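Heads up: the structure comes next, in structure tokens.
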Amino acid sequence: MGNKNLTRRHFFRSLAAPADTGTQDDPLFEKYSRKKLTTRHYSTDEVQLKVGTEEDTSVAQRTGNPVTSGLNAYAGTWTEWEVLHLLRRTNFGWKKAWVDALLPLTPSAAVDAVLNINNTPPSPPVNWYQNIANNADENNLPYGADWTNDFFPTNSVGQTTNSNRNSGMRRWLFGLILNGDATIREKMVWFWYHFIPIDFDTIYQSSNAYINTNSARFFYRYFKLFRDNALGNFKTLIRAVAVEPGMMYYLNNQQNSATAPDENFARELMELFTLGKDDPNNTYAQSDVVAAAQVLTGWRVQSINTANPATNFVSGSHKQGNKTFSSFFNNTVITGQTGAAGANELDALINMIFSKQVEVSKYICRRLYRYFVYYDIDANIEANVIAPLAQTFVANNWNIQPVLNQLFKSEHFFDMANRGCYIKSPFDLVGGAINMLALNTTDANIEYQYRIWSKYNDGYCLSMEQQMGTIPNVSGWNAYYQTPAYHEYWINSNSVQKRFTFIQDMFNGHTVGSVYSGGTTLRSFKVDPVAFALSFGNAIARDPNALTAICIKYLLPIDLSQGQKDQLKGSTLLSGQSTDSYWTTAWDTWYNNQTSANRSVIEPRLKNLLSGICQLAEYQLM
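Residue numbering for the sequence shown follows our numbering, starting at -14 and increasing by one per position.
What follows is the structure, given as structure tokens:
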């Protein structure tokens, strides 16, 4: 597959193709069968595949029973399969220590642990870019120092430094998903960012005289807002976003005034951030956008070139008078206020929008569902999952954590139909592989550490059409909202090649180049397959059947047939031989005498096993 140019159509046709190794032995298939098939291999007598001809339509529909599971507490088995499913969906892959910590718990306690966010702030981004003679940047900030509160008072100097800080911010963000814990925090940060995004480059190019020397601090503030409120109150978050400097510039509310109204933020506040635009019950009108834009006039980001930039209300730029809304909002009139009291109109607008409890709650719950579970929301899921989640959302005064607590503890979340049906984003693929395969990407040299993170974010992920800090448009990445394909947008003839190249590079090795001075000048990174196998213990590692099975379990979201397992084992660990002792003897020889010569016998076989699993189409799913 890695050597062919594939459209999404052909990639998914390969996923949907019947297996060559016999009938799928999953007795729960009929119970859990899903209308959309982008996951497992089923024999033709179990499922009828209907593959269309248009690339951007549903690519592999299957007949069968709809998913009817709901939000009753999950009471099924609790094995590595369930723990790994939970971690894949709530984090960027897994680490063996996380699995070992969650496995002894009950499902409910494991979810509690995942949602128990540590609110200690991570170490901030630093001056990574001045590892040269004088060790200070244009503002005399030393190499290695925190720049998040360091400002440039003019625009005559600092553009180079600000550009370096912007790129460092992207890299630092990627580092956080590699150095996080088992909680959902970083995954939630990226939920909020794709849902309520700003684009680094767009803001950097804004018209303010000081923005091109100070924009990096805005980006840090914006992500800090999401990190601090990862599982917090949604209404409070929306109010904060409305006046956050990054959003003020991104959607032009900085220019919104009584004499020159700008509807951009007002429109997206309703269409994208709270109410949505696809629900036929959402009949708010253009006149509502106009009135909301008038409410939002007068807010201004001030003191950009100081230590404490802030968004303040400037009454002279505010549209005076009452603002009248449509029947959708019960003909609400937000009474115009004069002077500093005009700032209160923003809170009145937020309260009015959130008075549409059913519409707001269902829209947000659908967005959460599509991010954490699956994109297809049919009538059963709407009734059994979305509606009760929305009720929980409202009953808990717009707090996110109770909603996710209910979802992740449900039988629906662990339903077999919801496993291995979701294409990994580039962040999930790249960050997940590094975490799962225990690739050591740390370095004591600060500049080199940032260059390592850049290799993955600005290199691999960007080539697959996702990059931290860069967003296609205000709607976010297509995979999370664009019908009908949703997550299929991650796969095209360009990106699929890059995905398989990345996997090959993980096992064959890839390098990060030199730094300005000191530290490592060239370093190679590749998976240690021997260490990976040994992490499961010697008893499993020496047994080719157990080792093959556990590698499949930990690396794929769904199991393979016994025939596929035997084929993988035979072609890799046994090197085409027929007896299991061919592997066991080689492993025992190395284990008892760990010389490089003995290692050279087992390492290529382990590499072939792991890379073979990771190059299966199923590895692209979670």
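Quick reminder that beta carbons are idealized off the backbone N, C-alpha and C, glycines included. Computed from a prediction, not measured in an experiment: that's the story for all the values here.
Distance, Cα to Cα, residue i vs residue j?
{"i": "residue 114", "j": "residue 444", "result": "18 Å"}
{"i": "residue 99", "j": "residue 169", "result": "6 Å"}
{"i": "residue 570", "j": "residue 418", "result": "30 Å"}
{"i": "residue 111", "j": "residue 131", "result": "4 Å"}
{"i": "residue 46", "j": "residue 441", "result": "Summary for residue 46: the model assigns pLDDT 35, below 50, so the residue's position carries little reliability; its value from the coordinates is reported in the next sentence. Each residue's Cα considered, the two are about 34 Å apart."}
{"i": "residue 598", "j": "residue 540", "result": "7 Å"}
{"i": "residue 496", "j": "residue 436", "result": "11 Å"}
{"i": "residue 368", "j": "residue 269", "result": "24 Å"}
{"i": "residue 290", "j": "residue 601", "result": "52 Å"}
{"i": "residue 585", "j": "residue 575", "result": "9 Å"}
{"i": "residue 407", "j": "residue 167", "result": "20 Å"}
{"i": "residue 242", "j": "residue 456", "result": "27 Å"}
{"i": "residue 7", "j": "residue 549", "result": "The predicted model places residue 7 with a pLDDT of 34, which falls under 50 and marks its position as unreliable, so this point remains unresolved."}
{"i": "residue 517", "j": "residue 561", "result": "22 Å"}
{"i": "residue 145", "j": "residue 198", "result": "8 Å"}
{"i": "residue 524", "j": "residue 405", "result": "29 Å"}
{"i": "residue 359", "j": "residue 317", "result": "36 Å"}
{"i": "residue 527", "j": "residue 165", "result": "32 Å"}
{"i": "residue 43", "j": "residue 293", "result": "Because the pLDDT of residue 43 is 33, which lies under 50, any placement of that residue in the model is unreliable, and the number read from its coordinates should be weighed accordingly. When rounded, the distance between both Cα atoms is 50 Å."}
{"i": "residue 326", "j": "residue 253", "result": "25 Å"}
{"i": "residue 0", "j": "residue 341", "result": "Below a pLDDT of 50, predicted positions are generally treated as unreliable, and residue 0, at 45, falls in that range; no measurement from the model is reported."}
{"i": "residue 330", "j": "residue 208", "result": "26 Å"}
{"i": "residue 438", "j": "residue 312", "result": "51 Å"}
{"i": "residue 219", "j": "residue 388", "result": "11 Å"}
{"i": "residue 603", "j": "residue 425", "result": "25 Å"}
{"i": "residue 104", "j": "residue 216", "result": "11 Å"}
{"i": "residue 52", "j": "residue 365", "result": "7 Å"}
{"i": "residue 72", "j": "residue 376", "result": "26 Å"}
{"i": "residue 295", "j": "residue 239", "result": "12 Å"}
{"i": "residue 583", "j": "residue 430", "result": "34 Å"}
The alpha helix (DSSP H) spanning residue i covers which residue range?
{"i": "residue 489", "result": "480 to 493"}
{"i": "residue 284", "result": "Element bounds for residue 284: not the alpha helix (DSSP H) but the beta strand (DSSP E), 284 to 287."}
{"i": "residue 272", "result": "271 to 280"}
{"i": "residue 566", "result": "566 to 577"}
{"i": "residue 152", "result": "144 to 163"}
{"i": "residue 333", "result": "329 to 339"}
{"i": "residue 404", "result": "No alpha helix (DSSP H) contains residue 404, which DSSP labels as neither H nor E."}
{"i": "residue 197", "result": "196 to 213"}
{"i": "residue 612", "result": "This structure does not reach residue 612, given that the chain is present from -14 up to 607, and the question cannot be answered."}
{"i": "residue 355", "result": "342 to 357"}
{"i": "residue 134", "result": "Run containing residue 134: none; DSSP gives neither H nor E here."}
{"i": "residue 179", "result": "170 to 180"}
Could you say which of the options lies nearest to residue i if we only look at CA atoms?
{"i": "residue 596", "options": "359, 294, 494", "result": "494"}
{"i": "residue 378", "options": "426, 392, 366", "result": "392"}
{"i": "residue 422", "options": "402, 211, 360, 77", "result": "77"}
{"i": "residue 224", "options": "245, 171, 196, 284", "result": "284"}
{"i": "residue 128", "options": "433, 266, 397, 337", "result": "433"}
{"i": "residue 300", "options": "328, 274, 308, 292", "result": "328"}
{"i": "residue 286", "options": "218, 226, 304", "result": "226"}
{"i": "residue 155", "options": "361, 521, 453", "result": "453"}
{"i": "residue 322", "options": "302, 313, 296, 87", "result": "302"}
{"i": "residue 190", "options": "101, 140, 153", "result": "140"}
{"i": "residue 304", "options": "491, 566, 324, 236", "result": "324"}
{"i": "residue 522", "options": "68, 81, 63", "result": "81"}
{"i": "residue 588", "options": "530, 519, 603", "result": "519"}
{"i": "residue 106", "options": "133, 236, 266, 83", "result": "133"}
{"i": "residue 315", "options": "428, 337, 333", "result": "337"}
{"i": "residue 246", "options": "280, 264, 221, 228", "result": "280"}
{"i": "residue 490", "options": "468, 513, 478", "result": "513"}
Along the beta strand (DSSP E) that carries residue i, what are the first and last residues, could you check?
{"i": "residue 296", "result": "295 to 298"}
{"i": "residue 509", "result": "508 to 510"}
What is the C-beta distance between residue i and residue j, in whole angstroms, given that I count them as a contact (C-beta under 8 Å)?
{"i": "residue 593", "j": "residue 564", "result": "Not a contact, Cβ separation roughly 18 Å."}
{"i": "residue 411", "j": "residue 473", "result": "The pair is not a contact, with the Cβ atoms about 14 Å apart (cut-off 8 Å)."}
{"i": "residue 70", "j": "residue 399", "result": "7 Å"}
{"i": "residue 409", "j": "residue 92", "result": "23 Å between Cβ atoms; not a contact."}
{"i": "residue 403", "j": "residue 397", "result": "7 Å"}
{"i": "residue 143", "j": "residue 171", "result": "That belief does not hold up - the Cβ atoms of residue 143 and residue 171 are roughly 30 Å apart, past 8 Å."}
{"i": "residue 416", "j": "residue 196", "result": "Between residue 196 and residue 416 the Cβ distance is about 30 Å, and since that is not below 8 Å, they are no contact."}
Answer with yes or no whether the minimum CB distance from residue i to chain C is below 7 Å.
{"i": "residue 464", "result": "No chain C is part of this structure, which consists of one protein chain only."}
Are at least three pairs of beta-carbons, each pair with one atom in the segment 482 to 489 and one in the segment 541 to 560, less than 8 Å apart? Between the segment 482 to 489 and the segment 541 to 560, the count of C-beta pairs closer than 8 Å stays below three; the two stretches do not touch.
Touch test, the segment 132 to 151 against the segment 55 to 71, Cβ-Cβ under 8 Å, three pairs minimum: no
For the 8 Å Cβ check, are there 3 or more pairs between the segment 172 to 188 and the segment 450 to 465? Contact holds between the segment 172 to 188 and the segment 450 to 465, because three or more Cβ pairs, one in each stretch, are under 8 Å apart.
When the Cβ atoms of the segment 224 to 236 are set against those of the segment 260 to 276, are three or more pairs found closer than 8 Å? no
Just checking, does the segment 383 to 403 make contact with the segment 347 to 365 on the three C-beta pairs under 8 Å criterion? yes
Between the segment 201 to 216 and the segment 79 to 97, can you find at least three pairs of beta-carbon atoms closer than 8 Å? With the cut-off at 8 Å, the segment 79 to 97 and the segment 201 to 216 do not touch.
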